[in-house]
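All remarks here apply to the structure that follows.
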Amino acid sequence: MRLFVLLLALLSSFAMAGGVTPTEIRVGSLQDLSGPIASLGTHFRNGTQMRFDAENAKGGVHGRQLKLLVEDTGYDPKRAVLATEKLLGAGVFATIHNLGSPVVMATMPRFLEAGVLHLFPGAPLASVYEPVHPLKFGMSPSYTLSVPPAARHLIRENGFKRVGILYQDDDMGREVLRGMDGLLGELGLSWCERTSYKRGATDFAAQIARLKAADCDFVVLATVVRETIGAYTEARRTGWNVPMLVTASGYTAQVHALGGTAVEGLYGVVLLPHPYAAGANHALTDWVVQYREKFKVEPNTWDVFAWVGADLFIRALHAVGPQPTPQKVAVALEKLQTPRDFLGSPPIAFSAQDHLALRQVRIAQIRNGRWENVTDYLSVR
Amino acid sequence: MQRMLISALLFALLAAPALLSPWGLSQITFVAIYIVAGTGLMLLAGSAGQLSLCHAAFIGVGAYAEALLHARGWPLPLSLAAAALLAGATGVLAAWPVRKLSGIYLAIGTFSFGFIAQEIFARWETVTGGNAGRVVAPLDPHLLYGLAVAAALGALWLFGRLQASRFGRALLALREDATAADMLGVAIPRLKTLAFTVAAALGGLAGGLYAHQIRFVSPEQFDWVMSIELLMMLVIGGLGTRAGIVFGAVFLIALPQAIALLRDTLGWTTPPAGIELFAFGFVLVLVLRWAPAGLAGGLGKSSSL
Chain S
0 MRLFVLLLAL LSSFAMAGGV TPTEIRVGSL QDLSGPIASL GTHFRNGTQM
50 RFDAENAKGG VHGRQLKLLV EDTGYDPKRA VLATEKLLGA GVFATIHNLG
100 SPVVMATMPR FLEAGVLHLF PGAPLASVYE PVHPLKFGMS PSYTLSVPPA
150 ARHLIRENGF KRVGILYQDD DMGREVLRGM DGLLGELGLS WCERTSYKRG
200 ATDFAAQIAR LKAADCDFVV LATVVRETIG AYTEARRTGW NVPMLVTASG
250 YTAQVHALGG TAVEGLYGVV LLPHPYAAGA NHALTDWVVQ YREKFKVEPN
300 TWDVFAWVGA DLFIRALHAV GPQPTPQKVA VALEKLQTPR DFLGSPPIAF
350 SAQDHLALRQ VRIAQIRNGR WENVTDYLSV R
Chain B
0 MQRMLISALL FALLAAPALL SPWGLSQITF VAIYIVAGTG LMLLAGSAGQ
50 LSLCHAAFIG VGAYAEALLH ARGWPLPLSL AAAALLAGAT GVLAAWPVRK
100 LSGIYLAIGT FSFGFIAQEI FARWETVTGG NAGRVVAPLD PHLLYGLAVA
150 AALGALWLFG RLQASRFGRA LLALREDATA ADMLGVAIPR LKTLAFTVAA
200 ALGGLAGGLY AHQIRFVSPE QFDWVMSIEL LMMLVIGGLG TRAGIVFGAV
250 FLIALPQAIA LLRDTLGWTT PPAGIELFAF GFVLVLVLRW APAGLAGGLG
300 KSSSL
């Protein structure tokens with residue numbers, strides 16, 4: 000009997016975690032490649048694939064090739080649930096960069112229950128890193144966390160007293176409001192004006208007129224791409240040059256590509272920088288050139304997200320040696336300390352109590368048709 | 000022959016939990032849930048020829064009701080029944096403003112109702128959790144499978160019974176010629192209200208099961224896309240027929256999965272983005288080209304829809 004138990008223990012120590020074979024490590028990813036945020040999904044997939052390919056070209060991790068299994072959910076939780084079960088059936092070691100809040104909310108518990116590492120989903124939800132679960136790690140802070148440090152900096156630096164906000168009337172807007180409510184309380188200020196719009200709105204004349212009539216000296220935009228351009232240009236069109244700060248959802252090259260000179264001067268919250276090739280360091284230029292050759296499109300900030308996330312995972316995999324388990328990799332991630340990299344991402348460190356990667360934001364401003372950093376990384380408390 | 004086929008199918012459904020992977024079982028569960036929802040809509044759109052574009056609202060009401068009641072510890076049969084009843088009541092509400100409308104006006108009226116319902120899901124934060132949604136406790140997958148399959152079989156049985164009843168014949172009369180039906184003494188507004196109520200109750204039951212299957216409810220899930228998807232499912236399957244509901248649901252759920260499997264066998268490292276959707280659309284066009292009356296041979300072009 001004792002021998003049997005010993006044998007069993009020995010066998011189980013050799014048995015490999017799901018998704019790991021002698022030659023490969025399988026990683027699943029639920030992307031939106033055909034739905035409302037497919038423009039993000041393709042980049043999340045590309046950035047991850049590029050980092051995996053680079054590692055595989057060097058011989059993989061401890062001799063194993065990294066295999067990315069991408070399933071298209073079309074932002075539909077029904078398809079996401081089926082894709083999750085398909086991936087779990089095929090055996091995956093980890094799932095990375097799953098995209099879209101409803102997709103992540105429906106599938107995260109299923110992955111965790113199956114003992115699969117749930118890494119860096121593309122959903123600005125606090126629940127992807129809090130409460131701490133041994134197997135779940137988040138990349139981006141919620142809007143409640145990410146907006147106040149940038150706003151605090153600009154308000155203090157410029158002595159703004161009359162803060163207004165234009166927010167999308169949904170979850171994102173509410174999160175920004177909540178964060179800003181806290182900040183204004185801390186600074187002893189109160190809202191000068193709050194105004195909202197429905198998702199999909201194209202005309203912001205009324206909202207801008209309200210903010211202007213209230214004589215705000217600083218406006219926070221909890222908006223996405225089109226609304227950011229709409230609101231900012233409306234203000235400038237009416238001759239109102241109030242400084243405006245857009246959340247991380249508006250920090251994209253699309254804003255200046257579509258908005259042109261009309262969006263000059265707009266501030267944005269940066270989580271990870273947009274990879275501009277012009278004026279970049281050698282490593283970044285090479286990266287951009289490689290990316291273009293591989294995918295025939297221009298890389299953007301989502302590729303940087305995906306690349307950085309995949310890089311963290313690979314570093315942790317290297318650290319645990321030739322017999323990886325999700326638990327071992329999770330512990331390795333907690334001990335990881337990465338320096339700033341060539342893409343311009345901040346140093347990243349997790350701990351046993353903190354599974355959120357980006358605890359810093361910086362501020363950029365559109366100058367001469369591109370986002371220029373105007374501060375270094377500011378800590379997110 | 001048909002009897003044998005049905006027995007074989009029932010046997011397969013009984014054996015499925017033992018034989019299939021969770022992925023396969025989940026697909027059947029989804030198909031069953033969509034059959035329940037589709038049966039309700041088939042009564043309206045297929046039997047009665049009433050173009051309703053707010054079915055997702057009924058599913059949503061059922062899903063939220065189940066999420067809430069289950070969280071409060073209601074036993075499953077009770078909470079699911081309550082979900083169906085509440086959705087049925089919503090059906091009465093939805094029917095009231097549109098009961099005298101038909102054609103495009105009915106479509107617009109129901110479409111608007113869908114928007115209002117979605118807005119309420121998003122606004123009534125204390126109950127629904129707003130845009131952030133609400134997490135739903137999981138059920139044992141085998142139990143959920145059993146419930147969904149039983150509900151689907153029950154719904155299909157009910158559909159057959161209703162079609163053969165006075166109510167069903169009145170619906171057919173309404174579809175073929177509303178004026179003639181009116182002349183024959185069919186009280187159309189009342190009939191429509193009843194049809195909406197039954198359809199909504201079935202939608203609500205489907206929603207209750209759906210909530211457990213997805214394990215998360217949020218307003219954006221119950222938008223007009225879901226309503227259109229259900230209508231498309233019935234057209235593909237064959238409007239007005241019982242088999243059409245089943246074929247349509249299998250097509251809607253299983254085809255994308257089959258396409259994804261086929262994609263896997265091609266061995267692409269990075270398949271073109273959206274290739275699955277493209278393939279789905281392509282098959283859809285082929286089906287409509289070669290079987291315009293749907294897979295089960297429904298009303299087709301002669302339909303008043």
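Chains as they are written, first to last, in numbering that gives the first Met the number 0: chain S, 0 to 380; chain B, 0 to 304.
The beta-carbon is built from N, C-alpha and C at its ideal position, and this holds for glycine as well.
Would DSSP call residue i helix, strand or coil?
i, result
"Lys-305 (chain B)", "Examination of residue 305 (chain B) is not possible in this model, given that chain B is present from 0 through 304 alone."
"Asn-130 (chain B)", "helix"
"Ala-221 (chain S)", "strand"
"Val-249 (chain B)", "helix"
"Ser-6 (chain B)", "helix"
"Asn-45 (chain S)", "helix"
"Ile-36 (chain S)", "coil"
"Ser-270 (chain S)", "The displayed chain sequence assigns Leu, not Ser, to residue 270 (chain S). In the structure shown, Leu-270 (chain S) sits in coil (DSSP, three-state: anything other than H, G, I, E or B)."
"Gln-359 (chain S)", "strand"
"Gly-386 (chain S)", "Residue coverage of chain S in this structure runs from 0 to 380, which leaves residue 386 (chain S) outside it and unanswerable."
"Glu-192 (chain S)", "strand"
"Asp-353 (chain S)", "strand"
Between residue i and chain S, is the shortest Cβ-Cβ distance under 8 Å, so that the two count as touching?
i, result
"Ser-217 (chain B)", "yes"
"Thr-125 (chain B)", "no"
"Trp-95 (chain B)", "no"
"Phe-29 (chain B)", "yes"
"Gln-117 (chain B)", "no"
"Thr-269 (chain B)", "yes"
"Ile-227 (chain B)", "no"
"Ile-235 (chain B)", "no"
"Ile-5 (chain B)", "no"
"Ala-272 (chain B)", "yes"
"Trp-22 (chain B)", "yes"
"Gly-132 (chain B)", "yes"
How many Å lie between residue i and residue j at the Cα?
i, j, result
"Ala-53 (chain S)", "Arg-25 (chain S)", "16 Å"
"Leu-100 (chain B)", "Ala-186 (chain B)", "14 Å"
"Ala-221 (chain S)", "Phe-112 (chain B)", "29 Å"
"Ser-248 (chain S)", "Val-224 (chain S)", "7 Å"
"Leu-188 (chain S)", "Leu-271 (chain S)", "30 Å"
"Arg-361 (chain S)", "Ile-27 (chain B)", "48 Å"
"Ala-200 (chain B)", "Asn-157 (chain S)", "59 Å"
"Ala-351 (chain S)", "Ala-116 (chain B)", "43 Å"
"Gly-23 (chain B)", "Ile-5 (chain B)", "20 Å"
"Leu-311 (chain S)", "Met-138 (chain S)", "10 Å"
"Thr-38 (chain B)", "Ile-244 (chain B)", "6 Å"
"Ala-383 (chain S)", "Ala-261 (chain S)", "Since the first and last residues shown for chain S are 0 and 380, residue 383 (chain S) lies out of range."
"Tyr-128 (chain S)", "Gly-18 (chain S)", "23 Å"
"Asp-169 (chain S)", "Phe-221 (chain B)", "16 Å"
"Phe-277 (chain B)", "Asn-55 (chain S)", "30 Å"
"Ala-212 (chain S)", "Gln-206 (chain S)", "10 Å"
"Arg-314 (chain S)", "Asp-375 (chain S)", "25 Å"
"Thr-106 (chain S)", "Ala-15 (chain B)", "23 Å"
"Pro-30 (chain B)", "Leu-238 (chain B)", "For the sequence presented, residue 30 (chain B) should be read as Val rather than Pro. Their backbone Cα atoms lie some 17 Å apart in a straight line."
"Trp-370 (chain S)", "Val-307 (chain S)", "20 Å"
"Ser-20 (chain B)", "Leu-81 (chain S)", "11 Å"
"Phe-281 (chain B)", "Glu-70 (chain S)", "19 Å"
Less than 8 Å between CB atoms is the rule here; does residue i satisfy it with respect to chain B?
i, result
"Gly-181 (chain S)", "no"
"Glu-189 (chain S)", "Note on identity: in this sequence residue 189 (chain S) is Ser, with Glu being the wrong assignment. Closer than 8 Å: no."
"Ala-221 (chain S)", "no"
"Ala-279 (chain S)", "no"
"Asp-302 (chain S)", "no"
"Lys-85 (chain S)", "yes"
For residue i, which residues in the same chain have their Cβ closer than 7 Å to its Cβ, ignoring the five residues on either side in sequence?
i, result
"Leu-377 (chain S)", "Pro-148, Ala-149, His-152, Gln-359, Val-360 and Arg-361"
"Arg-241 (chain B)", "Leu-155, Phe-158 and Gly-159"
"Val-373 (chain S)", "Ile-362, Ala-363 and Gln-364"
Taking 7 Å as the cut-off, is the C-beta of residue i nearer than that to any heavy atom in the ligand MG?
i, result
"Phe-312 (chain S)", "With respect to the ligand MG, the structure shown offers nothing to examine, as it has no ligands at all."
Between residue i and the rest of its own chain, which residues show a CB-CB distance below 8 Å, the 5 nearest in sequence each way excluded?
i, result
"Ala-172 (chain B)", "Ala-179, Ala-180, Leu-183 and Val-185"
Going by beta carbon distance, what residues of the same chain come within less than 6 Å of residue i, once the five residues before and after it are set aside?
i, result
"Glu-23 (chain S)", "Arg-63, Gln-64 and Lys-66"
"Thr-196 (chain B)", "Gly-87, Gly-90 and Val-91"
- Hey, which unbroken runs of the alpha helix (DSSP H) at 4 residues or more fall wholly within the stretch 51-138 of chain S? 76-89 and 100-112
- Message: Going residue by residue through the stretch 148-225 of chain B, where are the continuous alpha helix (DSSP H) segments of at least 4 residues, counting only ones entirely within it?
- Response: 165-175, 177-182 and 187-213
- Task: Ignoring anything shorter than 4 residues or poking outside the stretch 249-296 of chain B, list the alpha helix (DSSP H) runs there in chain order.
- Result: 274-289
- Query: Going along the chain, which unbroken runs of the beta strand (DSSP E) with 3 or more residues stay wholly within the stretch 144-181 of chain S?
  - Reply: 162-167
- Taking only runs that begin and end inside the stretch 22-101 of chain B, name each unbroken alpha helix (DSSP H) of 4 or more residues, in chain order. 54-70 and 75-97
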